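Protein chains in written order, with the working numbering: chain A, 2 to 659; chain R, -11 to 189; chain G, 2 to 338.
Next up, the structure:
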């Protein structure tokens, strides 16, 4: 059998070479799952795929579900912190000339709110959901590059800690999440605050990029046999497109923050107009990332909507192909609209008009998605449970956000509302309506899969209505106060402008909205401990994650499923066809071809390792040190190299040899 | 839920070269994001160059010779690189070991010349934005070069250990070849931008 | 589907009416540009509201229908799906038509706006500083060039050209009842044309985050009939009024001896600083510290005695003065009409 493994290879080594040297390390074969009874199969796989015990074991975990759970909890904690920021800001703004906090703290608060919500909550949580669900939905046993995935989590946590410890030390950035130069440059932002912004970006982007690559490769190469392109679930498509957007957008912000830190730290003049640089270059680079960023947050949420609706409408999604093409179109178009964030900078009028047209155009694929979702729901009265309620909330809110987006795309109109509370209202309608509401729906939808228990439906409905009322009360009036002339990012405003009452109303709504999250957190904890136990597939949904137990075992699937339909569990009601022949004593999974998902290789998946954590510590310490001296890169190179070698050096596991 | 075995995968190989292997796709993904970074840095340079009518901002011309030597070395290294790839596909351990040593040396050589490239720019990074962009572009590619040469050297050592003769390692060699092509490819536009664009102005 | 919608609507309308009299509002236009934009805002809002209502009706439809829930999810009625396809395609077609229409509309609105300032006779250079506005009236005759701060007098009914730039960070000039905003960017110059139909005072403020006191960077456009404007300009060209009282004389001496002169200019005296507002006619202005305080003896004293209390983070330093000295300086400044 062992030599058969090599000789069955298409690209076989020359016989003379292999036999003459005699040192080929043939695969020592092990037991296969073929013919094993369920109990022994489970015993074998559980032993092979388990996360080791103890603290070191836990820190070494490479199980995508374990990493994803940590990601989800961490991102939720950052959401709470960012939300608390917002509540404090809202109390300060609840009346004119309030003296609760001064400009120094206020400017740190709104910067931390933006930075936390964008980089520490929204992007990580949508990626984390993908880390949990994508491998299950494509029917594989772990994400591609599991150690890279673990590494990304540790880098993310260190970036988040870095930002929040800085805040605790009153060293948090106070230049806005966009950190425009020259305000964030060496001359107008002395001290370390702007450096904290720049390096925090680096941490979180390294982490997002790593997850994006792992997600792309998982979707391309690890799909279950038979899951050809037309049978990939829409959620997986959404994550795939998102990951591509990450790969092409995030380098822009890394370049931006690197240029900024070079200007600040070693005296380059890239953004200095007095020495041949340009301040607007920063804005171009930042928004080349910043606009796609919105779609990085929004597209996975559309995937969640596309997963929730079929389950409750009791039919496959209407217009599946149209939805896939819309996702891809949105991904492409998202790179063509960055200038609409810069209309007020006085760009040439013709160029600005082009960006009006392109910004309007992205409404078309988004419209296609909305119409297809609605058409899916038209068949009959859907089953209304909390996840679907949040999808309804998504429609209610996001459509408003999308339409005000169309208003902002118009150059002349934008010149009135740009940088006012109208824009604050707009993007909260887009981001909370378009992403947080689907995420909350997704939480109720997949919670039983992750924990094996249902969330409380009664609390869920309370949560939904509280969130709806609180959200709209907090954000709808912002449209109006923006049109009345209230700019963003002001820590106070004069009484005579007449913005007092409406701001009080907004603040009350914001508190209500915050309370809805307290209720949600209570529901999460309560249901995780006391919720009704559930089976594999409580919603009778059709995709593969529901084919395994709740919560899924460490190896996800005892046998790799074979996919015959875009909703495989609906198509194979009697018994799910599965593949056999994989080894059970080592971590083996199926690598398949990109388009047709023909099984191609029995690939080994990496074993647990502490090295990704050590590498993340080395990388994190280097980034931290680098805000003080550029030599940090030189000093940090050695520990980073050592930890990376430790990570990749084979330890003699069969998984290392392949 | 109930299952019915419908496919036997026991005959599948345990490794594959090139696009068959997930690592190849991962490498491609990292190339895509690094390439985007390079393209944006180059774009920033061109943006500033078109913004200021007197670009080069009265700085002296760079001396292109060290850069040209690096370019020639890099292009020349592609030949042994692809011979190495052929041996890796055949899982021929002996030639692969020699090839890896050669590629390590061919990686160190341009790094040595690179040391002389920085002074040959004839401007410092903190003189003006033109100097800054030159140093940034050259610095980015140097970082890229150093990391890949480091990677090559580690893999070379690994190939000489008992871990060397395994399918996965030959795949790693293939990916290393692939990545080196990328390092060479990204250099060409940067070379033109640094040394030849200023001569136009 | 939202049972709170009616309440929210009523509350919103009530709030809306209450605030509509605001003097810094895009919905309260006082010039041709802002009028055009207000019309555009209402048109877009109306159209978007109609689209939103249609989408909500489409969403509510299945909730109104009462057929039993589907049982076998993969059994699809092909005819029904074909009908849906036609509906979806129609909706997409309508979306395209609406978007093309809106794009053209904003293109033409842009052209209308561009035409407003084509005959501007008066050019004013506005330079942004952390956190005040330097205002310079350009004139072919050098002795007619006038520099002031924060308040911009313009002749009503005439287009005026503003040249916008900055010496430190990016600011944005925005007087919503007259026109949209435009950024002031170091190293660049932007052109904004404004016109006020009638005499009046129009408030604006910085709209690009510019640091600690971004919130207190107000400006006023004071539109006056032409002859009143010309008179104002002539008055402002005069050197500072000589101190009348003994106290004010003491104040002038103190001002000239203390660090005040490092930053401020007072025409006709040796004080020639240019990094802070020109104080030659400070008492003729309506507000202090870029709209932070109204002009009064008490506020002048408060601002000089405790600038960091009034405007935390501001670049105005605390100058060590005893009570008499403070009163003397205030008395002097108060006379600078």
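Even glycine gets a Cβ: it sits at the ideal position worked out from N, Cα and C. Since the structure is predicted, the reported quantities are computational estimates derived from the model, not experimental observations.
Those residues which DSSP pairs with residue i across a bridge
| i | result |
| --- | --- |
| residue 134 of chain G | G/129 |
| residue 61 of chain A | None, per the DSSP bridge assignment. |
| residue 147 of chain G | G/138 |
| residue 154 of chain G | G/223 |
| residue -4 of chain R | A/581 |
| residue 1 of chain G | Residue 1 of chain G is absent from the structure shown; chain G starts at 2 and stops at 338. |
| residue 589 of chain A | A/605 |
| residue 162 of chain G | G/124, G/194 |
| residue 454 of chain A | A/534 |
| residue 202 of chain G | G/223 |
| residue 488 of chain A | A/421 |
Classification of residue i by the beta-carbon crowding that lies within 10 angstroms, buried from 16 upward
| i | result |
| --- | --- |
| residue 114 of chain G | buried |
| residue 258 of chain G | exposed |
| residue 63 of chain G | buried |
| residue 596 of chain A | exposed |
| residue 96 of chain R | exposed |
| residue 652 of chain A | exposed |
| residue 297 of chain G | exposed |
| residue 121 of chain A | buried |
| residue 292 of chain A | buried |
| residue 375 of chain A | buried |
| residue 86 of chain A | buried |
| residue 150 of chain A | buried |
| residue 181 of chain R | buried |
Neighbouring residues, chain G, relative to residue i (Cβ below 8 Å)
| i | result |
| --- | --- |
| residue 571 of chain A | 74, 75 |
Closer than 8 Å at the beta carbon, the chain A residues around residue i
| i | result |
| --- | --- |
| residue 53 of chain G | 400, 401, 404 |
| residue 138 of chain R | 642 |
| residue 91 of chain R | None at all; the shortest Cβ gap to chain A is about 18 Å. |
Inter-residue spacing [alpha-carbon to alpha-carbon] between residue i and residue j
| i | j | result |
| --- | --- | --- |
| residue 406 of chain A | residue 196 of chain G | 28 Å |
| residue 412 of chain A | residue 462 of chain A | 41 Å |
| residue 422 of chain A | residue 576 of chain A | 55 Å |
| residue 84 of chain A | residue 480 of chain A | 20 Å |
| residue 670 of chain A | residue 145 of chain A | One cannot answer for residue 670 of chain A here, as it falls past the ends of chain A, which runs 2 to 659. |
| residue 538 of chain A | residue 450 of chain A | 8 Å |
| residue 444 of chain A | residue 388 of chain A | 8 Å |
| residue 175 of chain A | residue 476 of chain A | 24 Å |
| residue 83 of chain R | residue 147 of chain R | 11 Å |
| residue 191 of chain G | residue 185 of chain G | 7 Å |
| residue 647 of chain A | residue 612 of chain A | 6 Å |
| residue 161 of chain G | residue 183 of chain A | 29 Å |
| residue 104 of chain R | residue 128 of chain R | 16 Å |
| residue 426 of chain A | residue 472 of chain A | 10 Å |
Within chain R, the residues that residue i reaches when beta carbons sit closer than 7 Å
| i | result |
| --- | --- |
| residue 575 of chain A | -10 |
Closer than 7 Å at the beta carbon, the chain A residues around residue i
| i | result |
| --- | --- |
| residue 215 of chain G | 490, 491 |
| residue -2 of chain R | 33, 35, 582 |
| residue 71 of chain G | 315, 316, 380, 381 |
Per-residue contacts from residue i into chain R (C-beta, under 9 Å)
| i | result |
| --- | --- |
| residue 221 of chain A | 10, 13 |
Amino acids of chain A, ordered along the chain, whose beta-carbon sits closer than 9 Å to that of residue i
| i | result |
| --- | --- |
| residue 103 of chain R | Going along chain A, no residue has its Cβ under 9 Å from residue 103 of chain R, so there is no contact; the nearest lies around 15 Å. |
| residue 113 of chain R | 263, 267, 268, 269, 270 |
| residue 42 of chain G | 408, 414, 417, 418, 484 |
| residue 36 of chain R | 271, 277, 278, 279, 282 |
Under 7 Å from the C-beta of residue i: neighbouring residues of chain G
| i | result |
| --- | --- |
| residue 597 of chain A | Chain G residues near residue 597 of chain A: none, gap ~22 Å exceeds 7 Å. |
Closer than 6 Å: residue i CB and nearest the ligand ZN heavy atom
| i | result |
| --- | --- |
| residue 309 of chain A | Absence of the ligand ZN is noted for the structure shown, with no ligands found whatsoever. |
Write down every uninterrupted run of the beta strand (DSSP E) in the stretch 166 to 196 of chain G whose length is 3 residues or greater and which is fully enclosed by it, in chain order.
-> 172 to 174, 183 to 185, 191 to 195
Could you pull out every unbroken alpha helix (DSSP H) segment of at least 4 residues lying fully inside the stretch 42 to 104 of chain R, listed in chain order?
-> 53 to 77
Any chance you could list the alpha helix (DSSP H) runs of at least 4 consecutive residues sitting entirely within the stretch 285 to 355 of chain A, in chain order?
-> 321 to 334
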